[in-house]
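The structure under discussion appears below in the form of structure tokens.
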Amino acid sequence: MRVWIVFLLCLAGHAMAAPTEDELIVEEPVTEEPVVEVSPDVHPEPEVGANPVQVEVGEFDEAIEVIDDDVAENPCLNHHCKKGKVCEVDESNTPMCVCQDPSTCPAAEGEFEHVCGTDNKTYDTSCHFFATKCTLEGTKKGHKLHLDYIGPCKFIEDCLDNELNEFPLRMRDWLKNVLVTLYERDQDNNLLTEKQKLRVKKIYENEKRLQAGEHSLDLLAHDFEKNYNMYVFPVHWQFGQLDQHPADGYLTHTELAPLRAPLIPMEHCTTRFFEKCDADNDKYIVLEEWAACFGIKEQDVDKDLII
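Here is the structure:
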């Protein structure tokens, strides 16, 4: 469990905004993931940041931020292009976005920059991935190609049914303890809103709270049954953290990516779990489906808790 908390806090320091990839499709998964509860060998632990479910924006964000300058001289200075594209001007000095040549992407500084695509191919960096994806726009291959997970492609074990049932036990406890950790470290850092702090404070001060640590699955299951109310808000909170681009009550593949892609190297049931959450298989996960995945009762689903 400590590994999971460190993982989420590692992600916290890397970014303050969610991705803006415009593909609203939950991709066809490749192979399932590796070994359960294995420390990732990527991303050193930074200080806690604003949004604890985000990784580096560059891994997923298709919007390239530019700085306003003398737009009259160079219209591209204020022209935004999706990740994988660069701005060029035509003969009339009008800016336009064109696919970036993958060979112009900076070389990877280490293996931690590699990413695996859903084509089971390792790309040197996310820049190489998105530039390659751009060149395939309009093709069937390009439509199905997504960033699958962070790190080089590797063999991922099949997720067995009993393992799938165990996944939410760890995930629920992980979310609860991440919120408690954020509450402890907040100190006017605006990691949580005032309303969120009040809700987490009740969990933090509850003497029956299961302390963070390595716990057996039986103990996690017992604690969920005994202290069910402590897990309702963390599950809602995570949905709200992901549902931001746009905040429409639906989780798309793109919105799940900041949580899903870093998790896969640690939890080989991640992909199958998120597939199962999409109960009606419509490529979107609504709050009711998300809550059901974590064992939250239908009568306890409350949209006010995600704000």
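For the sequence shown, the residue numbers in mature numbering (1 follows the signal peptide of the UniProt record, and there is no 0) are -17 to -1, 1 to 290.
Idealized CB from N, CA, C, for every residue including glycine.
Computed from a prediction, not measured in an experiment: that's the story for all the values here.
Assigned secondary structure, residue i (DSSP; H/G/I helix, E/B strand, else coil)
i      : result
GLU71  : strand
GLU271 : helix
LYS65  : strand
TYR187 : helix
VAL114 : According to the sequence shown, residue 114 is Ala rather than Val. Note: ALA114 maps to helix in three-state DSSP.
GLN221 : helix
LYS209 : helix
GLU279 : The sequence shown places Ile at residue 279, rather than the Glu named in the question. Here ILE279 sits in coil by DSSP.
GLU149 : helix
GLU258 : helix
SER86  : helix
LEU202 : helix
MET154 : helix
HIS126 : helix
VAL284 : coil
PHE216 : helix
GLN194 : coil
LEU246 : helix
GLU56  : coil
LEU119 : coil
ILE289 : helix
LEU239 : helix
Sheet register partners of residue i (DSSP bridge)
i      : result
VAL98  : TYR106, ILE133
MET79  : GLU71
TYR166 : DSSP, once it has assigned bridges, lists no residue as partnering TYR166.
TYR233 : VAL269
Rounded C-alpha distance that separates residue i from residue j
i      : j      : result
GLY125 : ASP231 : 26 Å
HIS62  : ALA91  : 26 Å
LEU193 : PHE150 : 18 Å
ASP107 : ARG243 : 20 Å
GLY121 : LEU239 : 24 Å
ARG168 : PHE216 : 19 Å
GLU190 : ASP156 : 16 Å
VAL98  : ILE133 : 5 Å
LEU165 : LEU202 : 24 Å
PRO135 : GLU94  : 7 Å
ASN209 : GLY278 : It should be noted that the sequence gives Lys, not Asn, for residue 209. Their Cα atoms are separated by approximately 13 Å.
ILE247 : GLU74  : 46 Å
GLN170 : LYS185 : 17 Å
GLU177 : LYS66  : 35 Å
CYS88  : PHE112 : 10 Å
TYR233 : GLN179 : 21 Å
LEU181 : MET213 : 13 Å
CYS260 : ILE268 : 7 Å
LEU143 : LYS137 : 18 Å
HIS198 : THR253 : 20 Å
ALA114 : VAL284 : 41 Å
ASP102 : HIS251 : 17 Å
PHE257 : ASN76  : 45 Å
ASP287 : PRO85  : 44 Å
ASN264 : PRO245 : 23 Å
LYS123 : LYS116 : 11 Å
GLN282 : ASN173 : 31 Å
TRP220 : GLY100 : 29 Å
TYR211 : ASN145 : 22 Å
GLU20  : LYS266 : Note on GLU20: pLDDT 41, under 50, position unreliable in the model; no value is reported.
MET249 : GLU96  : 17 Å
Inter-residue CB distance, residue i and residue j (contact presumed, cutoff 8 Å)
i      : j      : result
LEU130 : SER109 : 7 Å
GLN83  : LYS104 : About 18 Å; that fails the 8 Å criterion.
VAL163 : LEU175 : Not really, about 11 Å apart at Cβ, beyond 8 Å.
Residues near residue i in its chain [Cβ-Cβ closer than 6 Å; skip 5 each side]
i      : result
PHE222 : LEU270, TRP273, ILE289
ASN148 : none
CYS59  : CYS70, PRO78
ALA262 : GLU272
PRO229 : none
Closer than 7 Å to chain D by CB, residue i
i      : result
GLY278 : No chain D appears in the structure shown, which is made up of a single protein chain.
Own chain residues within Cβ distance below 8 Å of residue i, not counting five before or after
i      : result
VAL72  : ASN57, PRO58, CYS59, PRO78, MET79
LEU152 : LEU200, LEU203, ALA204, PHE207
VAL218 : ARG155, LEU158, TRP273, ALA274, PHE277, ILE279
Other residues of its chain near residue i: CB distance less than 7 Å, five sequence neighbours each side excluded
i      : result
TYR187 : VAL163, TYR166
LEU119 : GLY125, LEU128
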